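What follows is a short report on a single structure.
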Amino acid sequence: MTTIGIIGAGHIGSQVARKAVELGYDVVISNSRGPETLAALVAELGPRARAATPAEAAAAGDFAVVTIPFRSLGSIPVEPLAGKIVIDTGNYYWKRDGHVSALDAGETTSSALVQEHLPTSKVAKGFNHIRYSEITTDGTPPGTPNRRALATASDYAEASELVTKLYDEFGFDTVDLGPLSESWRAEPGRPANVVRQNAADLSETLAKAPRTV
Ligand SMILES: NC(=O)c1ccc[n+]([C@@H]2O[C@H](COP(=O)([O-])OP(=O)(O)OC[C@H]3O[C@@H](n4cnc5c(N)ncnc54)[C@H](OP(=O)(O)O)[C@@H]3O)[C@@H](O)[C@H]2O)c1
């Protein structure tokens with residue numbers, strides 16, 4: 694049994710949870726307002742799911758998915774995620790999250806800042822350039838012609854490999870961008886954002902992305 698600790702239960706977190714329980718994962722899901730506010734979602738997800746606090750979800754997970762607004766970065770629990778792979782679905786929108794000058798200037802990436810916040814974890818970018826609804830509807834079996842691909846990036850090969858395996862189970866091929874410093878290529882404002890492409894086409898689109906937008 695593999696348990697995924699999910700921090701954030703909104704559009705993306707709930708969809709990742711739905712697909713994960715369908716695939717046989719156990720999920721422990723959390724939000725900012727408390728587990729009692731997730732009763733309906735957990736009832737829908739069934740016996741493989743329970744709600745918890747973010748720290749409890751982080752502790753319960755063999756790995757974690759962090760899927761919250763970027764502005765909440767500082768509240769991600771550090772110690773319970775130590776040594777674990779953390780998949781960051783987050784995107785930075787200054788209108789929502791407030792200005793971060795290093796991101797505006799293209800000097801770093803939002804996921805690199807998540808990695809800085811979680812220095813003992815292995816952060817990988819994932820599920821950040823697909824519309825939430827399509828996580829459960831757009832996947833197809835391996836080898837399907839024109840199968841949709843999604844990008845990942847990490848400073849740790851084992852984290853990129855985990856995302857690649859999870860993408861495959863969810864029904865997607867992977868384009869590995871390399872380190873987190875390259876993860877901007879798949880962020881909002883760039884041409885790969887929420888575009889349905891196979892791996893070859895997505896690789897080309899990511900390669901052509903402008904650094905600042
Ligand atoms: N929506 C998409 O299609 C999409 C696609 C790709 C990437 N993304 C990115 O993925 C991230 C999540 O997006 P979303 O659309 O799922 O957002 P959302 O629907 O607004 O949900 C955000 C979730 O995060 C929780 N949260 C906020 N602050 C928290 C904290 N400090 N600790 C624990 N949980 C906290 C919220 O809980 P409460 O409700 O209790 O506050 C809520 O469950 C964002 O960075 C977004 O830019 C979104």
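Taken in order, the sequence shown gives residues 694 to 906; the numbers are from our numbering. By construction, the Cβ of each residue, glycine as well, lies at the ideal position given by its N, Cα and C atoms. Since the structure is predicted, the reported quantities are computational estimates derived from the model, not experimental observations.
{"Asked": "Out of curiosity, what's the CA-to-CA distance linking S707 and S853?", "Found": "22 Å"}
{"Asked": "Roughly how many angstroms separate the alpha carbons of A745 and G776, rounded to a whole number?", "Found": "20 Å"}
{"Asked": "Between the C-alpha atoms of A795 and A805, what's the straight-line distance to the nearest angstrom?", "Found": "11 Å"}
{"Asked": "Does the contact criterion of 3 or more C-beta pairs under 8 Å hold for the region 829-838 versus the region 778-797?", "Found": "no"}
{"Asked": "With a 10 Å radius around its C-beta and 16 neighbouring C-beta atoms as the bar for buried, classify H792 as buried or exposed.", "Found": "exposed"}
{"Asked": "Does ligand 1 have a heavy atom nearer than 7 Å to the CB of P728?", "Found": "no"}
{"Asked": "So D781 and K818 are in contact, right, with Cβ under 8 Å, and what is the actual spacing, rounded?", "Found": "6 Å"}
{"Asked": "Going by CA-CA distance only, name the one from L873, L843 and S874 that's closest to A885.", "Found": "L843"}
{"Asked": "Could you give the distance in angstroms between the alpha-carbon of E897 and the alpha-carbon of P728?", "Found": "42 Å"}
{"Asked": "Looking at H704 and ligand 1, is the gap between the Cβ and the nearest heavy atom below 7 Å?", "Found": "yes"}
{"Asked": "From the DSSP output, in three-state form, read off R878 for me.", "Found": "helix"}
{"Asked": "Could you spell out the range, first to last residue, of the alpha helix (DSSP H) harbouring I705?", "Found": "H704 to E715"}
{"Asked": "Do you know how far the Cα of T801 is from the Cα of R764?", "Found": "16 Å"}
{"Asked": "Grouping DSSP H, G and I as helix and E and B as strand, with all else coil, what is S814?", "Found": "coil"}
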